[in-house]
Amino acid sequence: MPPQYEPCRTILEELDARGWATGMVVSCSASHATPASFIAHQDLRAFTEAIAEDYLHTSFDCFVGGGRGYFEDRPDKKNLLDSMRLRGYNIQSGTGFNRLPMDGSAPFMLFTAEREPESASSGRRYLPNATTKVCEYLQKRSPKGFFLLVEGSQIDWALHANDGDWLKTEMLDFDATVSAALRFAETNGETLVIVTGDHECGGLGLNRTSSTRNFDPAFSARLHSAAMVPVFAFGPQAGLFPVSTKTPISISKCGTPSAKPPEVRNGATTRRDIPNAQNTPDFFQKRLF
Ligand SMILES: [Zn+2]
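Residue numbers for the sequence shown follow our numbering, beginning at 12 and rising by one.
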């Protein structure tokens with residue numbers, strides 16, 4: 012929603028209209044903020060039942076994540092999943108893909124939880140595998156290409172809670188997920204992978220006791236911060252983004268093995284590399300460098 016509260020088309024809807032296959036894989040519910048912002052048009056994120064209803068109005072190809080209850084256990088007694096089935100969607104629960112039309116013959120929703128999925132530290136494991144499976148599935152759904160949103164949703168929640176152990180397991184899970192996407196893109200050769208965050212949270216820093224073997228985070232906030240977030244890109248047209256690599260980056264052993272260090276193109280590593288650096292206000296110069 013823009014400030015004037017006039018619904019605007021999301022990137023998922025735009026690409027769907029162009030004939031691309033579209034999907035979302037998240038570790039939150041379908042009604043939570045990020046997936047909602049790709050498919051719903053409501054004034055407030057708190058309107059979770061109305062957001063679920065918006066799934067009836069967009070022809071996405073697949074969704075993997077929590078929130079089945081928002082579709083069939085509702086105050087208004089509507090069963091939105093019956094409506095989705097009438098539209099041809101295969102609806103399943105769990106984290107397995109065996110009963111789903113992975114040959115690309117039908118759209119589907121796979122619910123991993125009634126409301127919010129459990130944390131990675133409590134045993135949630137589906138995000139990396141689901142990313143691979145859904146990439147392969149979406150590839151079969153349209154010859155024009157596909158758009159897939161994947162979110163490591165609970166990284167933000169761990170930061171709100173200032174919970175270092177929760178954060179660590181969510182980051183490792185997301186790293187494995189990025190690796191899955193990079194592996195697909197590297198093999199496929201036609202896929203652009205963009206990794207970023209919609210904001211920082213928690214004012215995350217590291218205590219002096221931290222090392223490569225000891226993650227000892229420090230937090231300065233329990234809310235979203237104004238810290239800049241990086242944008243990483245890999246694949247065709249990656250050079251359009253601030254930092255792009257020809258080699259997949261991994262931040263842990265979960266990642267794609269890469270013998271040589273990533274080759275950074277267009278990397279803003281020195282002041283000289285920033286376009287119009289001479290014109291950059293003092294405020295940014297001090298903080299960027
Ligand atoms: Zn948040």
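We put the beta carbon where it would ideally sit given N, CA and C, even for glycine.
Taking the alpha-carbon positions, what's the residue i to residue j distance?
i, j, result
"Asn-90", "Glu-147", "30 angstroms"
"Asp-176", "Val-240", "22 angstroms"
"Phe-226", "Gly-250", "32 angstroms"
"Val-37", "Thr-188", "11 angstroms"
"Gly-105", "Gly-208", "27 angstroms"
"Pro-139", "Asn-101", "21 angstroms"
"Cys-212", "Arg-29", "35 angstroms"
"Gly-216", "Leu-203", "30 angstroms"
"Gly-11", "His-235", "Lying outside 12 to 300, the shown extent of the chain, residue 11 is not represented and no answer is given."
"Ala-141", "Glu-83", "23 angstroms"
"Gln-15", "Gly-34", "28 angstroms"
"Phe-122", "Pro-128", "9 angstroms"
"Ser-133", "Trp-168", "14 angstroms"
"Gly-107", "Asn-173", "32 angstroms"
"Val-242", "Lys-144", "24 angstroms"
"Phe-119", "Phe-252", "32 angstroms"
"Arg-194", "Gln-103", "27 angstroms"
"Ala-131", "Cys-19", "34 angstroms"
"Gly-304", "Asp-186", "There is simply no residue 304 to check, as the chain begins at 12 and stops at 300 in what is shown."
"Pro-228", "Ala-237", "18 angstroms"
"Ile-50", "Thr-69", "7 angstroms"
"Gln-150", "Ser-231", "42 angstroms"
"Leu-178", "Gly-214", "13 angstroms"
"Met-182", "Gly-163", "8 angstroms"
"Pro-301", "Thr-21", "Missing from the structure shown is residue 301; the chain here goes from 12 to 300 and no further."
"Thr-180", "Ser-94", "37 angstroms"
"Asn-218", "Val-206", "26 angstroms"
"Asn-199", "Asp-114", "17 angstroms"
"Arg-224", "His-171", "24 angstroms"
"Arg-56", "Asn-109", "33 angstroms"
"Ser-190", "Arg-233", "29 angstroms"
"Glu-25", "Ser-222", "44 angstroms"
"Asp-65", "His-43", "13 angstroms"
"Ile-262", "Thr-220", "Residue placement at Ile-262 is flagged as unreliable, the pLDDT there being 37, under the threshold of 50; the coordinate-derived value follows with that caveat. Near 19 angstroms, if we compare the C-alpha coordinates of Thr-220 and Ile-262."
Can you check DSSP and say which residues form a bridge with residue i?
i, result
"Glu-162", "Val-37"
"Glu-211", "Ser-236"
"Ser-104", "Phe-122"
"Phe-157", "Ala-32"
"Leu-217", "Pro-228"
Name the residue from the options whose alpha carbon lies nearest to the alpha carbon of residue i.
i, options, result
"Phe-81", "Ala-117, Ala-124, Ser-70", "Note that residue 81 is Tyr in the sequence shown, not Phe. Ranking the options by Cα distance to Tyr-81, first place goes to Ala-124."
"Asp-27", "Leu-67, Asp-72, Ser-48, Gly-200", "Asp-72"
"Ala-41", "Pro-86, Glu-25, Phe-58", "Phe-58"
"Asp-184", "Ala-238, Asp-87, Arg-136, Ile-62", "Arg-136"
"Ala-47", "Ile-62, Glu-162, Phe-108", "Ile-62"
"Ser-153", "Trp-31, Gly-76, Gln-15, Asp-54", "Trp-31"
"Thr-305", "Leu-178, Val-161, Gly-134, Ala-172", "What is shown of the chain runs 12 to 300, which leaves residue 305 out entirely."
"Glu-310", "Arg-126, Asn-109, Glu-25, His-52", "Residue 310 lies beyond the stretch modelled for the chain, which goes from 12 to 300, so this question has no answer here."
"Ala-192", "Ile-50, Phe-245, Gly-78", "Phe-245"
"Arg-126", "Arg-85, Ile-205, His-171, Pro-228", "Arg-85"
"Phe-74", "Lys-179, Asp-87, Leu-92", "Leu-92"
"Asp-54", "Asp-87, Thr-21, Glu-25, Pro-13", "Pro-13"
"Ile-166", "Ser-190, Asn-199, His-210, Ile-205", "His-210"
"Arg-96", "Ala-117, Ser-221, Asn-109, Leu-170", "Ala-117"
"Lys-88", "Asp-65, Asp-114, Glu-60, Gly-115", "Glu-60"
State the CB to CB distance for the pair residue i and residue j, rounded to an integer number of angstroms; the pair is presumed to be in contact (CB under 8 angstroms).
i, j, result
"Pro-247", "Glu-201", "6 angstroms"
"Phe-158", "Leu-67", "Not quite, the Cβ-Cβ distance comes to about 20 angstroms (not below 8 angstroms), so this is no contact."
"Gly-76", "Cys-39", "6 angstroms"
| request: Report the residue ranges of all beta strand (DSSP E) runs contained in full by the segment 25-94; include only those spanning at least 3 residues, in chain order. | output: Complete beta strand (DSSP E) runs here, min 3: 32-40, 73-77.
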